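209 is the number that the working numbering gives to position 201 of the sequence shown; each next residue is one higher, with no gaps.
Structure, as structure tokens:
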Amino acid sequence: MILISATPTMHSISSKNLNKRVILDMIRFTPGGISRAELARRMELSRAAVSTIIGDFQNLGVVQTSEDSSLAGGRKPFMLEINPGQGYVVGIDMGATHLGMVVTDFSAHVLEEGEFPFSINDGPNTCLPKVDSILQELLKRSGISMRQVRAIGIGVPGPVVVEAGAVAAPPIMPGWDGYPIRSTLEDLWGLPVSLGNDAEFGALGEWASGAGRGTRNLVYIKVGSGVGAGLLLDGNIYRGTTGCAGEIGHIAIMESGPICTCGNRGCLEAVAGGWAIARQAREAVKSGKRTQLSTFDIDTITAREVAVAARLGDLVAQQIVTEAGSHLGVAVASLVNLVNPSMVVVGGGVAQIGDLLLEPVRKAVRERSLRSAAQAVRINAAVLGRRSTSVGAVVQAINITLDQLVDV
Ligand SMILES: [Zn+2]
9 MILISATPTM
19 HSISSKNLNK
29 RVILDMIRFT
39 PGGISRAELA
49 RRMELSRAAV
59 STIIGDFQNL
69 GVVQTSEDSS
79 LAGGRKPFML
89 EINPGQGYVV
99 GIDMGATHLG
109 MVVTDFSAHV
119 LEEGEFPFSI
129 NDGPNTCLPK
139 VDSILQELLK
149 RSGISMRQVR
159 AIGIGVPGPV
169 VVEAGAVAAP
179 PIMPGWDGYP
189 IRSTLEDLWG
199 LPVSLGNDAE
209 FGALGEWASG
219 AGRGTRNLVY
229 IKVGSGVGAG
239 LLLDGNIYRG
249 TTGCAGEIGH
259 IAIMESGPIC
269 TCGNRGCLEA
279 VAGGWAIARQ
289 AREAVKSGKR
299 TQLSTFDIDT
309 ITAREVAVAA
319 RLGDLVAQQI
329 VTEAGSHLGV
339 AVASLVNLVN
349 PSMVVVGGGV
359 AQIGDLLLEP
369 VRKAVRERSL
379 RSAAQAVRIN
389 AAVLGRRSTS
399 VGAVVQAINI
409 TLDQLVDV
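As structure tokens, this is what we get:
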């Protein structure tokens, strides 16, 4: 039996209900849907046993049947699907400088979304009320009341201690160390909240409905202001001992390079993240280089503006992005040697630059990773674009709701 779920919360399910939970994930994540007969075959259960379980799900209103319209003529098997009307969920991507939020139905179909300026440096006492007001605004826009929301997932750019519902010593989240984020929000909203690392949720989002559907070994690299990786290894999110697994942003690239947010020198994040790209743009303008970058307010210039200039053909901006891509590639090449994934998905705000950033990554992997590992891996842009993390947070919010439903 293959456990498709990438959800660590599954471990809290009793073995009696594990079959039920796996069946739900097969219904959710099998591309093209799945029938009762196919479920019985894959689970090595009798058709009667599967029908009983599906009957229970239908009574709970979690699963419904639909006729597969893709089969023209002949007998059409009844395909199973999650009942989208079971409730609403919300996914939040709390970034360093932006907050992304999606509201979806219970089959993770996005109904409303938005991206808002945000400063994680303001700390929890300012940021969490702001998250709440954005949520209320988005729900109001969707015509959904708080009572109709089943669960909320929230991704943050730091190492998450899942049991504590908090972050531990996060380099780019000053004032958040140990703050009880999950319980604060659960008390505020009166519903289950799942707190996760943003890159881990990004991996989950791309695995569930993006570039990596069905992939069992996937690395998602989030290139935003900082840089982090989510590791989906052998079908499970890998967090390590204290939630720090995948902190690729703090791999040393240049031993005597620029100072990083973690206090060390020359980390990947300090030479290839959004802040590093913006810093290099400022330095280029100050050194008098001829570049369109000088038309921006140089004190507040962002990686997004460097990307715009690069796309318009500005050579200095292009060089900054290409160099960031090369540094990123050196780290990704090591990561490919370390975990041998079949797919690396590059996402986050800075990754929206596209091939200008991705090509140097592909080149570095071709040149530096072991041949067998390099040949086995595809390096793609995130299909979900800037939404990977918030969609992954939705997947996790649905996970915890389903866990509660079956574990009774
Ligand atoms: Zn660092």
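C-beta: ideal position from N, C-alpha, C; glycine also.
The model shown is predicted, which means the values in this text are computed figures rather than measured ones.
Residue range of the unbroken beta strand (DSSP E) whose run includes residue i
| i | result |
| --- | --- |
| L241 | 235-241 |
| A159 | 157-164 |
| K230 | 226-231 |
| L203 | 201-205 |
| R386 | 386-389 |
| I245 | 244-246 |
| G355 | 351-355 |
Per DSSP, the bridge partner or partners of residue i
| i | result |
| --- | --- |
| F124 | L107 |
| R371 | It should be noted that the sequence gives Lys, not Arg, for residue 371. According to DSSP, which records beta bridges pairwise, K371 is partnered with nothing at all. |
| T73 | L88 |
| C275 | A260 |
| D185 | V175 |
| I180 | Per DSSP, none; premise fails for I180. |
| V118 | T112 |
Three-state class that DSSP yields for residue i in the structure shown
| i | result |
| --- | --- |
| T112 | strand |
| N91 | coil |
| I259 | coil |
| R55 | helix |
| L336 | helix |
| V170 | coil |
| C135 | helix |
| I267 | strand |
| L366 | helix |
| F304 | coil |
| I61 | helix |
| N25 | helix |
| K148 | helix |
| T17 | Because the pLDDT of T17 is 44, which lies under 50, any placement of that residue in the model is unreliable, and the number read from its coordinates should be weighed accordingly. Residue state, collapsed to three classes: helix. |
| G222 | coil |
| T299 | coil |
| A341 | helix |
| L392 | coil |
| A253 | coil |
| S141 | helix |
Inter-residue CB distance, residue i and residue j (contact presumed, cutoff 8 Å)
| i | j | result |
| --- | --- | --- |
| M102 | L146 | Wrong, their Cβ atoms sit about 14 Å apart, outside the cutoff. |
| A278 | A237 | Not really, about 16 Å apart at Cβ, beyond 8 Å. |
| A382 | V391 | Actually they are not in contact, since the Cβ atoms of A382 and V391 sit about 22 Å apart, beyond 8 Å. |
| L364 | T330 | 6 Å |
| A332 | A280 | 4 Å |
| I328 | I285 | 6 Å |
| A116 | I406 | 6 Å |
Extent of the continuous alpha helix (DSSP H) to which residue i belongs
| i | result |
| --- | --- |
| I189 | 189-197 |
| R50 | 44-51 |
| I100 | Per DSSP, I100 belongs to no alpha helix (DSSP H); it is in the beta strand (DSSP E), 96-102. |
| D411 | 396-414 |
| V293 | 282-294 |
| A317 | 311-319 |
Residue from the options with nearest C-alpha to residue i
| i | options | result |
| --- | --- | --- |
| G243 | T134, E52, A216 | A216 |
| G282 | I180, G213, V169 | I180 |
| D113 | S43, I90, G204 | I90 |
| V314 | D305, A289, S398 | A289 |
| A384 | M262, A341, G95 | A341 |
| R221 | S377, T134, M34 | M34 |
| G248 | G257, V168, G183 | V168 |
| P92 | I100, D185, Q72, G41 | Q72 |
| R44 | L26, Q66, D64, P85 | P85 |
| V353 | T308, R386, D305 | R386 |
| T192 | L107, D140, I62, I328 | D140 |
| Q156 | A317, V338, D130, P200 | P200 |
| V118 | L239, N129, V98, L346 | V98 |
| A48 | V70, Q66, V358, L88 | L88 |
| V369 | S380, G357, V344, N348 | V344 |
| N194 | A159, V316, T223, R298 | Per the sequence shown, residue 194 should be read as Glu rather than Asn. For E194, the nearest C-alpha among the options comes from A159. |
| L226 | S350, R287, V235, C252 | S350 |
| C270 | P178, R190, L320 | P178 |
| N205 | G161, A311, M154, D415 | G161 |
| T223 | T105, Q404, N388, S54 | N388 |
Beta carbon proximity, residue i to chain B, threshold 8 Å
| i | result |
| --- | --- |
| A284 | Given the protein chain composition of this structure (a single chain), no chain B is represented. |
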